[in-house]
Structure formats: C-alpha cells, structure tokens
Amino acid sequence: MKIKRKLEIAVISDVHLGTYGCHAKHLLTYLNSIEPQKLILNGDIIDIWQFSKRYFPKSHLKVIKKIMTMASNGVEVIYITGNHDEMLRKFSSTTIGNISIVDKAVLELHGKKAWFFHGDVFDISIQNAKWLAKLGGYGYDLLTLLNRLVNWYLDKRGKERYSLSKKIKNGVKGAIKYISAFEKVVSELAIENGYDYVICGHIHQPKLEHFENKYGKTIYLNSGDWVENFTALEYQFKRWKIYNFNKDKLAPFITDEDINDFENLETKDLIAAITIVDKKKLKKSN
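Residue numbering for the sequence shown follows my numbering, starting at 285 and increasing by one per position.
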C-alpha cells in the first residue's frame, strides 16, 4: 500500500491540457502522491484557447479523470478560471458535487486570510490585445514542442535537459521587469485589502516571497506551471511550501493508478465530455 502525503491544500495552475507543452504524466504522478483536503486549480488547466480535437492525448484526459476521482472521494476542488480557460467564466459560482467554479477565492487559514486568483486581470496584453496574446500563445506552444525535441535528443545523449522558453524569458529584460511589476502590484493590493497571503498563477514563475511596505505585509505565492517548472504550492501545518517535481518527486507513485478504465473509452467521447457542459447537471450555489 502506497502512503500518500496528507495536505490541507494543494494548488496547481497553468497545466495547459491540450497543448504539446503540457507534462501531464508528471502531474499525474504528483496527484497520485498526495491526499489534500482541498485542491485548488488556479487557472489555465485546460487550454481552451489552443484546444484541438487533433491533439488531446489520453494522459491529458487522465488528469481530468484523476481530479474528478479526487472530488468523488471527498476532496474539495476549487476551479479558479484563467485566461486560457476563460470560457468557464460563464459558469462562475457554479457547483457540481465537490467541484466549484469561481473567478477568485478567499479562505481563512488558521486565522489568516488567503486570496486566490489566476492573475490575468493584471495583464495589459490580455485585456487590451487579446488576439495578440492568443497569437503569442500559439508561438509559445511551438517553442515548447521544439524544446521537447531538443530534450529528447539530450536525454538520448545522457545530457541535462534544457528549457528554451525559460531561458528566453529569464534573459529578456522586459519579461523580468513585467514579472517584477506583477508581483509588486499584486502584493500591494493584497496588503491594501488585508490579505495575509496572495496566491496566483499565470506568469509561470513559482515563488514564495515576503513583501512589506509602509502599510503592512503579505506573503506572495505563485504556483508556477506544469509546462516547464513542474511546481505546485502546498499548505500544511500552518506553512506554505513550493513543491518541485524535479527535486521532490516520489518514484513509487504510478501515473496510471486507479484510472485504467479510461483506456476503454473513445477519445472523441472523452473530448465531448470535456467541452460540452450539461446544463441540467449544473447547480447554482447560493
């Protein structure tokens, strides 16, 4: 029997299911290793912007199945919408069993207030030039596909894997400036509204940092992504930590555990289950 780590909260974001950059098998291994009371999906889980019926592997579908199984087993799943899955915002404040769809969430954690949201509301490129942001998304997807080919070659040669997109983002002064500004604005707003923690995704930069100004202090956290960093946030024993798959992965956990029934379903039926919402099953929360 495999022992799973018990957590109060696990936070993942920017999975981008349905794109070549998504590392669904890594995420499945992680989800199979934990037993959280709450699982917070902080945006961009399914990449509806770039969704294509031609590419949605079974490993991606298994992530959805795993999350549904966790919910059916009593885990509270909070799906916070992001820009790549913004289509779900029309169902905000909807509850389906243990799964709720919201645009933001505020939780009280041992007397402290935690503010969760994806973060795209602070992205000017998303708000003012959505078509340009989408075009950039496709370019990013091509880059990650190229990166996979490079890493396949490096793995064959026994060399260290390399992240092209991460190298580009870290090397561009404009990107670094944007990330710094994002973190500062979000943290200042959290202090202004009296939040002890502010938890975001969106910028694919995992981080845990104390922020303080003359009006107060807060802890800024970012869950990173499952495209290049493979990170999550975990809350247990009144503390937050960043989980890093490359450093913290647990070998005994198998990605296909408890989800073999998926193999007998047709891909087209699974895709339909994801993209078509049965309104009769939707229950508006009070």
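For each residue, glycine too, the CB sits at the ideal point set by N, CA and C.
Contacts around residue i, its chain only, beta-carbon distance under 6 Å, and the 5 residues preceding and following it disregarded
i: residue 525; result: 518
i: residue 388; result: 401
i: residue 298; result: 328, 485, 488 and 509
i: residue 375; result: 385
i: residue 493; result: 504
Three-state class that DSSP yields for residue i in the structure shown
i: residue 469; result: helix
i: residue 348; result: helix
i: residue 540; result: Confidence at residue 540 is low in this model, with a pLDDT of 41, below 50, so the placement of that residue should be treated as unreliable; the coordinate-derived value is given next. Three-state result, residue 540: coil.
i: residue 343; result: helix
i: residue 365; result: coil
i: residue 314; result: helix
i: residue 482; result: strand
i: residue 405; result: helix
i: residue 384; result: strand
i: residue 440; result: helix
i: residue 550; result: Residue placement at residue 550 is flagged as unreliable, the pLDDT there being 48, under the threshold of 50; the coordinate-derived value follows with that caveat. Of the three classes helix, strand and coil, the one that applies to residue 550 here is coil, per DSSP.
i: residue 419; result: Residue confidence is low: residue 419 scores 46 on pLDDT, short of 50, so the model does not pin down where it sits. Its coordinate-derived value is still stated next. Correct three-state label for residue 419: helix.
Beta-carbon proximity list for residue i, same chain, < 7 Å, skipping 5 on both sides
i: residue 406; result: 466, 469 and 470
i: residue 288; result: 317, 318 and 319
i: residue 487; result: 403, 463, 466 and 506
Whether residue i touches residue j by CB criterion (8 Å)
i: residue 307; j: residue 331; result: no
i: residue 305; j: residue 511; result: yes
i: residue 398; j: residue 329; result: no
i: residue 504; j: residue 495; result: yes
Spatially closest choice to residue i from the options, by CA coordinates
i: residue 531; options: 520, 521 and 516; result: 516
i: residue 300; options: 509, 479 and 521; result: 509
i: residue 506; options: 314, 312 and 528; result: 528
i: residue 475; options: 487, 501 and 492; result: 501
i: residue 520; options: 376, 394 and 325; result: 394
i: residue 310; options: 327, 290, 344 and 302; result: 344
i: residue 365; options: 356, 404, 340 and 443; result: 404
i: residue 477; options: 499, 433, 490 and 485; result: 499
i: residue 338; options: 302, 354, 350 and 355; result: 302
i: residue 351; options: 322, 375, 340 and 370; result: 322
i: residue 490; options: 325, 514, 473 and 497; result: 514
i: residue 472; options: 493, 326 and 497; result: 497
i: residue 326; options: 370, 443, 353 and 437; result: 370
Sequence-distant residues of its chain with Cβ nearer than 8 Å to residue i (five each side left out)
i: residue 390; result: 397, 398, 399, 400 and 479
i: residue 373; result: 365 and 387
i: residue 441; result: none
Checklist entry - Okay, do the segment 314–323 and the segment 287–294 touch, 3+ Cβ pairs below 8 Å being the bar? => result yes
Checklist entry - Does the segment 355–370 come close enough to the segment 384–394 that 3 or more CB-CB pairs lie under 8 Å? => result yes
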